[in-house]
Amino acid sequence: MTRSRRQFRPLIRSTAAETHNNDEPTRSGTGASLRPALRSALRPMFRSTSPSTVGTVRVEPWRGRSDIAVAAARSPLTPIMVEDLEEAAKTLAQNGVRELISDALRPDQEHVFVAAGFHPLHHLALLRWSNPEYRPAHHRSMPSRPSGASPASADPGADAVDEVKCLDAGFRLGRINRWKAGPLLEVDHLAFDDFWRFDEEALAESWQATSASHLRAIFRRDHSTDSERVVAYATFGLSGTSGYLQRLAVDPVERRQGLATALVADGMRWLSQRRARSCLVNTPIENEAALKLYRRFGFTPEPHGLTMHCRRLTLTDSGAHSPRARRQWSDWRGRR
17 MTRSRRQFRP LIRSTAAETH NNDEPTRSGT GASLRPALRS ALRPMFRSTS PSTVGTVRVE
77 PWRGRSDIAV AAARSPLTPI MVEDLEEAAK TLAQNGVREL ISDALRPDQE HVFVAAGFHP
137 LHHLALLRWS NPEYRPAHHR SMPSRPSGAS PASADPGADA VDEVKCLDAG FRLGRINRWK
197 AGPLLEVDHL AFDDFWRFDE EALAESWQAT SASHLRAIFR RDHSTDSERV VAYATFGLSG
257 TSGYLQRLAV DPVERRQGLA TALVADGMRW LSQRRARSCL VNTPIENEAA LKLYRRFGFT
317 PEPHGLTMHC RRLTLTDSGA HSPRARRQWS DWRGRR
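Residue 17 is where the sequence shown starts when you use my numbering, and the numbers rise one by one after that.
Structure follows, in structure tokens:
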């Protein structure tokens with residue numbers, strides 16, 4: 017039976033979304049909505065298949081930016097071809113796109129992009145948490161934890177809400193309407209720099225990439241106006257028994273108050289309650305604060321990390337300097 021793109025999406029998008037977790041990211045400006053310029057740049061390339069694919073490659077704007085595009089495999093079952101990357105680069109360059117970046121790649125996936133002229137851009141640490149309480153479906157009648165184990169050890173997020181309340185009575189951890197993106201994007205733009213920040217489309221995909229998702233925010237009450245504002249949020253995803261920490265953002269002004277810890281604990285409890293077997297997260301290798309946080313929750317580094325690659329597009333990529341283009345230029349000058 018043929019699987020839909022929605023069914024494939026958790027396999028090819030979840031780790032990309034995880035790439036941007038950062039407990040202490042840098043401050044940046046506001047985001048931008050998806051611009052039509054790159055959309056129109058993609059249309060002539062993909063007229064024969066779909067609006068965003070060429071051969072074995074799927075291309076889309078990077079976080080709503082018209083000058084950067086991201087390339088990933090069209091399907092996890094089909095390897096990317098170098099010639100498809102070249103064709104994508106050529107057409108994007110002709111339409112003013114300046115950079116083509118890769119999705120987060122495993123070491124065995126990098127050679128195709130290197131052959132197409134890409135170079136490393138960001139190195140990411142990949143960490144995994146394995147649920148000690150996981151039992152396969154046919155063993156679920158067994159005790160959920162060994163004799164003598166404390167409830168706290170079986171529920172890593174049991175005290176998350178109380179922990180936040182103890183820090184400051186003005187904090188509250190709770191649900192938020194995911195379709196009202198404004199407050200979440202405001203925190204996201206403060207927490208991340210220009211490259212990593214989400215736009216509305218990326219934010220929506222962070223919870224649509226998996227079959228189940230868990231979005232929670234931490235609010236701070238402003239007693240002068242009797243209102244609340246979002247100061248942190250996290251998104252977890254679950255596909256089958258595989259969990260993902262998709263996004264973690266904290267307002268820099270509110271750092272070092274345990275907000276990230278409370279959000280991760282809450283998400284880990286959600287995964288445990290749904291019998292997740294494991295959870296994956298990745299973050300830039302230089303983000304020591306996030307790495308320390310994840311290790312405290314039992315995440316351990318995978319044998320290999322992930323790497324994002326980049327190719328800067330020039331007029332040469334667009335074909336303007338090709339022999340055919342030079343001949344057309346000479347003919348045009350001769351007629352003049």
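C-beta atoms are modelled at their ideal positions from N, C-alpha and C, and glycine is treated no differently.
* Please say whether P136 and T299 have beta carbons closer to each other than 7 Å? => no
* Minimum C-alpha distance to A292 - residue among G314, D119, R311 and E149 -> E149
* Asked: Can you give the Cα-Cα distance for Q224 and T241, rounded to whole angstroms?
  -> Roughly 34 Å separates the two Cα atoms.
* Which first and last residues belong to the beta strand (DSSP E) in which H138 is found? -> H135 to S146
* **For F129, the nearest candidate out of E270, E99 and L307 (CA to CA)** => E99
* Out of M284, S255, G133 and S229, state which residue places its alpha-carbon closest to the alpha-carbon of F4. => This structure does not reach residue 4, given that the chain is present from 17 up to 352, and the question cannot be answered.
* If you draw a straight line from the alpha carbon of S227 to that of G256, how long is it in whole angstroms? -> 8 Å
* With burial defined as no fewer than 16 other Cβ atoms inside 10 Å of the residue's Cβ, what is the status of S146: buried or exposed? -> exposed
* Host beta strand (DSSP E) of W78 (start-end) -> V73 to W78
* Asked: Taking A197 as the reference, which of D238, A233 and K106 has the closest Cα?
  -> Residue A233 holds the alpha-carbon nearest to the alpha-carbon of A197 among D238, A233 and K106.
* Under the three-state DSSP convention, the category H239 falls into -> coil
* DSSP three-state assignment for A218, whether helix, strand or coil -> helix
* **Reduced DSSP category for Q273 - H, G, I as helix; E, B as strand; rest coil** => coil
* **Contained alpha helix (DSSP H) runs [length at least 4] in the region 69-128, N- to C-terminal order** => 98-110
* Asked: Taking one C-beta from the region 109-125 and one from the region 242-261 each time, how about it: are there three or more such pairs within less than 8 Å?
  -> no
* N-terminal and C-terminal residue of the alpha helix (DSSP H) that G198 is part of -> G198 to A207
* Asked: Per DSSP, what kind of secondary structure is L329 in: helix, strand or coil?
  -> coil
* On the three-state DSSP scale, how would you describe Y150? -> Three-state DSSP puts Y150 in coil, outside helix and strand.
* Asked: Is the CB-CB distance between R144 and E318 below 7 Å?
  -> yes
* Proximal residues to P167 (C-beta, below 6 Å), its chain only, five neighbours per side dropped -> In this predicted model, P167 has a pLDDT of only 40, less than 50, meaning its place in the structure is not dependable; the value taken from the coordinates is given anyway. Excluding sequence neighbours, P167 sits near nothing in its chain.
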